[in-house]
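Positions 11 to 124 (the numbering used here) are the ones given, in order, by the sequence shown. Okay, so here's the structure we're looking at.
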Amino acid sequence: MSSNLEALQCNQCQKLIFPKRKFCNNCRSTNLKEITLSKTGKLYSFTTVHYPLSKYNNPPYFVGLVTLNENKLKITVRIEAKNIENIKLDQEVEVSIQKFPESELLPIVVAKII
């Protein structure tokens with residue numbers, strides 16, 4: 011698994027596609043190229059999850075939207091923080107891909123406050 015955050019860009023309309031799909035949602039083109047996304051961004055919004063979606067999630071935990079610095083794409087992330095007081099809007103974060111060690115779950119994008 012690559013540690014880079016990757017997306018697709020439509021060669022026809024230039025729309026960014028994340029997560030990857032087989033065609034552009036904007037213009038339906040299949041003429042796509044792979045790009046590497048920025049690893050840094052700003053926290054756009056966040057919330058606390060109190061009910062676990064799986065046995066690998068121990069609530070409470072935090073999820074949010076991060077606006078990536080280079081291309082302004084907003085992505086959903088799990089926020090690494092001990093408590094909500096450490097999380098602030100417009101805070102700089104670094105995003106990475108993590109896999110749950112003992113699960114079959116898909117990798118998730120995690121934001122670490124910097």
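Quick reminder that beta carbons are idealized off the backbone N, C-alpha and C, glycines included. Remember, predicted model here, so these are calculated numbers, not experimental data.
8 Å Cβ shell around residue i - same chain, five flanking residues per side excluded
i, result
"Gln101", "Lys52, Leu53, Ile123"
"Val103", "Thr50, Gly51, Lys52, Leu53, Val76, Val87, Ile89, Ala121, Lys122, Ile123, Ile124"
"Gln22", "Cys34, Cys37, Ser39, Asn41"
Own chain residues within Cβ distance below 7 Å of residue i, not counting five before or after
i, result
"Ile89", "Phe56, Phe72, Val73, Gly74, Ile97, Ala121"
"Asn79", "Ser48, Thr50, Gly51"
Whether residue i touches residue j by CB criterion (9 Å)
i, j, result
"Val87", "Ile118", "yes"
"Asn67", "Val76", "no"
Member of the options whose CA lies at the smallest distance from the CA of residue i
i, options, result
"Pro69", "Lys84, Ala91, Thr50, Ile85", "Ala91"
"Ile85", "Cys23, Leu18, Pro29, Gln19", "Pro29"
"Leu83", "Asn67, Ile27, Val59", "Ile27"
"Asn41", "Thr58, Gln19, Val59, His60", "Gln19"
"Glu16", "Arg38, Pro62, Ser39, Lys43", "Lys43"
8 Å contact criterion, which residue i and residue j should meet: CB distance rounded
i, j, result
"Asn36", "Lys25", "4 Å"
Beta bridge counterpart(s) of residue i as assigned by DSSP
i, result
"Tyr54", "Bridge partners of Tyr54: none, in fact."
"Gln108", "Ile118"
"Ile85", "Val76"
"Tyr71", "Val59"
"Gln19", "Leu26, Lys43"
"Glu102", "Lys52"
Neighbourhood of residue i by C-beta distance below 6 Å, restricted to the same chain and skipping five residues each side
i, result
"Glu95", "none"
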